[in-house]
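>
Residue numbers (the numbering used here): 181 to 485.
1. Within its chain, find whatever has a CB closer than 8 Å to the CB of residue 262; leave out the 5 residues flanking it on each side and keep chain order.
2. Who are the Cβ neighbours of residue 410 in its own chain at under 7 Å, not counting the five residues just before and after it?
3. Can you tell which of 365, 306 and 397 has the C-alpha that lies nearest to the C-alpha of residue 326?
4. Could you give the DSSP three-state label for residue 471: helix, strand or coil?
5. Only counting the same chain, and skipping five residues up and downstream in sequence, which positions put a Cβ closer than 6 Å to that of residue 197?
6. CA-CA distance, residue 376 and residue 452?
7. Hey, out of 216, 345 and 466, whose CA is closest to residue 192's CA?
8. So, is residue 190 buried or exposed, given that buried needs 16 or more other C-beta atoms within 10 angstroms?
9. From this set, 385, 448, 434 and 242, which residue's C-alpha is nearest residue 207's C-alpha?
10. Can you tell me the Cα-Cα spacing of residue 200 and residue 275, whole angstroms?
11. Does residue 416 come out as helix, strand or coil in the three-state DSSP assignment?
12. Could you compute how far the alpha carbon of residue 255 sits from the alpha carbon of residue 350?
13. Look at residue 443 and residue 188 and say whether their C-beta atoms are less than 8 Å apart.
14. Per DSSP, what kind of secondary structure is residue 387 in: helix, strand or coil?
15. So, at 8 Å on beta carbons, what are the nonlocal neighbours of residue 184 in its own chain, with the 5 sequence-adjacent residues on each side left out?
16. Identify the continuous alpha helix (DSSP H) that holds residue 450 and give its terminal residues.
17. Taking the continuous beta strand (DSSP E) assigned at residue 266, which residues delimit it?
18. How would you label residue 403, buried or exposed, when you count the other beta carbons within 10 angstroms and need 16 or more for buried?
19. Let's test the definition: count the other Cβ atoms within 10 Å of the Cβ of residue 427 and tell me whether it reaches 16, buried, or not, exposed.
20. How many angstroms separate the CA atom of residue 247 from the CA atom of residue 400?
21. Please state whether the Cβ-Cβ distance between residue 290 and residue 335 is less than 8 Å.
22. Could you give the residue range of the alpha helix (DSSP H) that holds residue 326?
23. What is the DSSP secondary structure of residue 186, reduced to helix, strand or coil?
24. Roughly how many angstroms lie between the CA atoms of residue 330 and residue 367, to the nearest whole one?
25. Which two residues bound the contiguous alpha helix (DSSP H) that contains residue 290?
26. Nearest-angstrom Cα distance between residue 230 and residue 283?
27. Using a 10 Å radius around the Cβ and a threshold of 16 neighbouring Cβ atoms, would you call residue 235 buried or exposed?
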């Protein structure tokens with residue numbers, strides 16, 4: 181590992197390696213720490229947090245699909261106070277940057293979450309989640325409309341000077357247009373993709389497999405779409421990109437970097453392999469050693485086409 185520089189700069193957040201976790205797939209790391217010490221990660225991204233907590237959607241809210249899964253969790257979380265008392269208190273004992281995923285049902289709630297956290301030195305960056313498909317207000321409803329993106333990002337920018345990553349939905353006609361709106365209003369980095377909107381049907385019962393009927397599709401099935409969108413957005417913005425969507429191996433992660441990502445998030449893989457993040461990091465190092473790459477940053481946007 182000493183032979184390869186793995187450090188990257190994601191919009192002002194210095195990461196020891198390019199790997200973090202997709203929000204909602206790793207909690208705050210406590211449950212996975214016996215498998216992968218969180219200090220190995222470039223950063224820990226928390227589960228989405230709202231001001232006072234949300235109960236989430238009714239069950240069933242997870243369904244397995246071919247090469248992936250559907251979820252309609254609905255950003256269930258206990259709120260900012262519990263995040264500070266429980267998760268941040270645990271994370272401060274570990275040498276790892278913390279990205280807090282910020283959720284809200286309104287423009288004001290996004291700002292209030294940041295205001296409730298911004299004096300906390302245990303928070304190193306924010307991921308503004310304007311792309312969750314599983315809530316009826318906020319989330320994707322804000323992230324698929326340019327004026328809404330402009331408003332929520334600008335309001336959040338006014339509330340903090342910490343690095344701010346804006347998480348985008350793939351459920352749009354022109355993802356580059358959305359990314360450019362986020363960049364123009366203060367985003368330090370762009371993360372994509374969140375889940376693709378999908379559904380599953382049980383032919384035997386003639387009922388949907390999810391109580392909410394529709395949910396977010398993630399896993400290897402979405403990787404080609406995610407790679408395409410990362411590549412497109414990298415051509416349209418100057419800020420760095422946090423790429424995600426179906427990353428299972430180190431080589432998957434390298435593909436995202438070649439397509440234009442500075443860092444990557446491992447998500448659904450954590451559910452099937454608790455060692456997934458470490459395997460991805462080790463795989464990236466092995467790739468660099470095999471191909472004589474001394475600095476991982478050489479690979480960012482190095483796709484030849």
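Beta carbons: idealized from backbone N, C-alpha and C, even for Gly. Everything numeric in this text was worked out from a predicted model, so none of it was measured.
In brief:
1. Setting aside the 5 residues that flank it on each side, residue 262 is surrounded in the same chain by 233, each with a C-beta closer than 8 Å to its C-beta; the list follows chain order.
2. 372, 421, 423, 436, 439, 440 and 441
3. 365
4. coil
5. 186, 222 and 461
6. 20 Å
7. 345
8. buried
9. 448
10. In a straight line, the C-alpha of residue 200 is about 14 Å away from that of residue 275.
11. helix
12. 18 Å
13. Yes, Cβ-Cβ distance for residue 443 and residue 188 is below 8 Å.
14. Reduced to three states, the DSSP call for residue 387 is strand.
15. Within the same chain, residue 184 has close Cβ partners 465, 468, 469, 473, 474, 475 and 476.
16. 449-452
17. Per DSSP, residue 266 lies in no beta strand (DSSP E) segment and is marked neither H nor E.
18. When all chains shown are included, residue 403 counts as buried.
19. buried
20. Looking at the backbone, the Cα of residue 247 and that of residue 400 are separated by about 5 Å.
21. yes
22. 326-339
23. coil
24. 10 Å
25. 287-297
26. 5 Å
27. exposed
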